[in-house]
Every structure is written in structure tokens, then in C-alpha cells.
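The sequence shown: position 144 = 184 (our numbering), numbered continuously.
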Amino acid sequence: MTIQENVAVGSKTTMRIGGAARYYAEILTKEDAEEALRFAAEKNLPLFVLGGGSNTVFADGTINVLVVRIKADAVTIHKNRVTVQAGKNLPMLINELAKERLDLSPLTGILGTVGGAIFGNAGQGPTGIWIDHYVESVTALVNGKWKTFSQTDCGFRYRESFFKDQKNPVIIWETTLQLPSRPEAEIKGEIEKLLKRRIETQPHVKTAGSCFKTVGDTPAWKLIDAAGLRGFRVGDVQIAEKHANFLLNIGKATYANAKAVVDAVQKKIPEKLEVEMRFVESNGRTYF
Numbered sequence: 041m042t043i044q045e046n047v048a049v050g051s052k053t054t055m056r057i058g059g060a061a062r063y064y065a066e067i068l069t070k071e072d073a074e075e076a077l078r079f080a081a082e083k084n085l086p087l088f089v090l091g092g093g094s095n096t097v098f099a100d101g102t103i104n105v106l107v108v109r110i111k112a113d114a115v116t117i118h119k120n121r122v123t124v125q126a127g128k129n130l131p132m133l134i135n136e137l138a139k140e141r142l143d144l145s146p147l148t149g150i151l152g153t154v155g156g157a158i159f160g161n162a163g164q165g166p167t168g169i170w171i172d173h174y175v176e177s178v179t180a181l182v183n184g185k186w187k188t189f190s191q192t193d194c195g196f197r198y199r200e201s202f203f204k205d206q207k208n209p210v211i212i213w214e215t216t217l218q219l220p221s222r223p224e225a226e227i228k229g230e231i232e233k234l235l236k237r238r239i240e241t242q243p244h245v246k247t248a249g250s251c252f253k254t255v256g257d258t259p260a261w262k263l264i265d266a267a268g269l270r271g272f273r274v275g276d277v278q279i280a281e282k283h284a285n286f287l288l289n290i291g292k293a294t295y296a297n298a299k300a301v302v303d304a305v306q307k308k309i310p311e312k313l314e315v316e317m318r319f320v321e322s323n324g325r326t327y328f
């Protein structure tokens, strides 16, 4: 494994905000993951696992962190059981499985990697289908040891998981999914329908996706809209006109711009709005 210094990581995110990580590495094997963990410990640095970058905002300038990206993306299919490594692109997986008549279409339109989807229990809404619906097990490096977790042990909740709860670095390696069978044409039809709906209702420019979690049964965008914040802007970060729970980079946005918009929303809305995105500060620490 090659560990690079001063690598631009903001450009590896969908919002295109942020500077350079002090160290950066791409992980292809379990041994690479172990080495990365040791390196971060030796340097006394936080370790941040970057998935597809679809919900991450990095600080500007140099970030005192080791950023790792899982590049292992193998897929093994045995009947209705699919084992997939964490670096696999989720939209690509959904389309590949459709050809095998295996249905993961309810997750259509969710960007990022399989590992990221497991970490944040990605899904289509508080009453919709989440990836935990399909998970049989997850293998991850936790507290320096490899362990395979059952679905129950993963502690899945709305936008949360056991892995996200941990204070120490967690490297998700692979998951085994149990999927229903369905004719390929039906799956592809569902994929097209869901993609069309996303295109009609959500922006598709430089955005990190949904910014805030749903509050009870009320979508965050409704609270933001009711507060008159649709279109609100600080610098080059703006709340989308098309969907009020999306932040857009409409030019050369900065980390400070993004934080200022989030802070303004949280101050104006009395309900507690929890941030769904991950903000990585210059000291390498993350909050979400």
C-alpha cells in the first residue's frame, strides 16, 4: 500500500469542497487496512474512511488526517446471497444485480459505495426500505480486530449503525446481502421509475445530498421550507430551490460557507435538526 502526502480530497467528494489530507491511501486488501490503522496510530492521527464522497465536506487548507478509500469491490453471487466488498459503487451494483434477476432496486438513486451505505444505513426515507433490510452480515475491522457481525449486531437504525457509533476508526470490508428474485425487466423498470422521480425532485449538481435527518414523521425539507430558508445562501453554498434539504456548491464554496448555512438552519428551526452529512475539520476530527 502506498501512503501519499498532501493529497487533494475535496475534489473526491460530490460537493467539491475542501483542501488536502496530510496523508491519503487506497486500500485493496485486509493487510492494507491493518497497515493504515497502524500508520494512523503511529502518527497519532485520526483515520477517516472516505466512501463515494457523497455526504462529506472537508475543511479547507491542510487537514491533519489519514484519509483512506476502500478500492476492493469484488462481488460474489451464490443463488440469492451476494457478498460484496465495501468499495463497490452502489448504483453500479444495483444494475449488475438486475442482470442476475436479483432485486436491490429500492436503493436506486443513492450515491456512494456499499461500505458507506452500510455505515449510514442508506435508504429511501424513514418509512421506506433501508439497506439493513437486506443485510445478512458485515465484516469490519473494529478496534484493530476483524469481526463478522450479524444483522442484529450491526445496530441499524434510521441513518445510523453500530459502525457509525464507534469513537475509534472502523473499516468496513464487506457485506453479505440476501436479495429477492424478480424478472430482470421488472427490476429495470423500477430502477427507471425511481431515477426519474429523483431527477424530477432533487438537484443533480455539486451537492452532498440530504443534509439533515427527518424529525419524527416530518421531512427536514418541510421544516426548512416553513422557516423560509429555501434558497438561503452564504457565500457559494445555497439551500436548493428544488429540494430544501440539499446544499449546493454554486461556485467556489468553502467549508466555512457550508458550516454557516448548517448553523443558520439549526438556529432558526426550534426542532432539533441532526446533520446527516459528515464534516471533517482541519484537525481531522469528524462531526455528523
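Backbone N, C-alpha and C fix where the C-beta goes; we use that ideal spot for every residue, glycine too.
So what does DSSP say about residue i, is it helix, strand or coil?
i	result
Ser145	helix
Ala300	helix
Phe272	coil
Leu313	coil
Ser94	coil
Thr244	In the sequence under discussion, the amino acid at residue 244 is His, which differs from the Thr named in the question. Correct three-state label for His244: coil.
Arg191	Looking at the sequence itself, residue 191 is Gln, so the reference to Arg does not match. Note: Gln191 maps to coil in three-state DSSP.
Lys49	Checking the displayed sequence, the identity of residue 49 turns out to be Val instead of Lys. Note: Val49 maps to coil in three-state DSSP.
Lys128	coil
Glu200	strand
Leu85	coil
Gly155	helix
Gln306	helix
Asn289	strand
Lys207	coil
Ile171	helix
What is the residue span of the alpha helix (DSSP H) that residue i lies within?
i	result
Phe252	Taken as a continuous stretch (DSSP letters only), Phe252 belongs to no alpha helix (DSSP H), as it is neither H nor E.
Ala99	No alpha helix (DSSP H) holds Ala99; DSSP gives it neither H nor E.
Ala260	Ala260 to Ala266
Residue j and residue i - do their beta-carbons sit closer together than 8 Å?
i	j	result
Gly324	Asn297	no
Gly59	Phe98	yes
Leu90	Lys52	yes
Leu142	Ser250	no
Val182	Val210	yes
Lys253	Leu288	no
Phe189	Asp172	no
Asp62	Asn104	It should be noted that the sequence gives Arg, not Asp, for residue 62. Closer than 8 Å, so yes.
Phe203	Ile212	yes
Asp100	Thr294	yes
Ala76	Thr42	no
Lys282	Gln242	yes
Val301	Phe272	yes
How would you write the range of the beta strand (DSSP E) that residue i sits in, first residue to last?
i	result
Val107	Thr102 to Ile110
Lys282	Element bounds for Lys282: n/a, residue is neither H nor E.
Glu214	Val210 to Gln218
Val115	Val115 to His118
Ile67	Ala60 to Ile67
Glu176	Val175 to Val182
Arg222	From DSSP, Arg222 is part of no beta strand (DSSP E); its letter is neither H nor E.
Phe319	Arg318 to Val320
Just mark residue i as buried or exposed, buried being the case when its beta carbon has 16 or more other beta carbons within 10 Å.
i	result
Ser94	buried
Ile264	buried
Val49	buried
Ile150	buried
Asn84	exposed
Met317	buried
Trp170	buried
Gln278	buried
Gly163	buried
Which value, in whole angstroms, describes the spacing of the CA atoms of residue i and residue j?
i	j	result
Gly184	Thr116	26 Å
Leu234	Ala112	28 Å
Gln125	Thr258	34 Å
Lys292	Ile57	8 Å
Ala138	Leu68	26 Å
Leu106	Ala225	43 Å
Glu136	Leu130	10 Å
Ile290	His118	45 Å
Lys299	Gly92	21 Å
Arg238	Asn46	36 Å
Ala81	Phe286	35 Å
Thr179	Ala260	32 Å
Glu230	Thr102	43 Å
Lys308	Lys236	33 Å
Glu311	Lys70	42 Å
Indicate whether at least one CB of chain B lies closer than 8 Å to the CB of residue i.
i	result
Leu269	In the structure shown, chain B cannot be found, because there is only a single protein chain.
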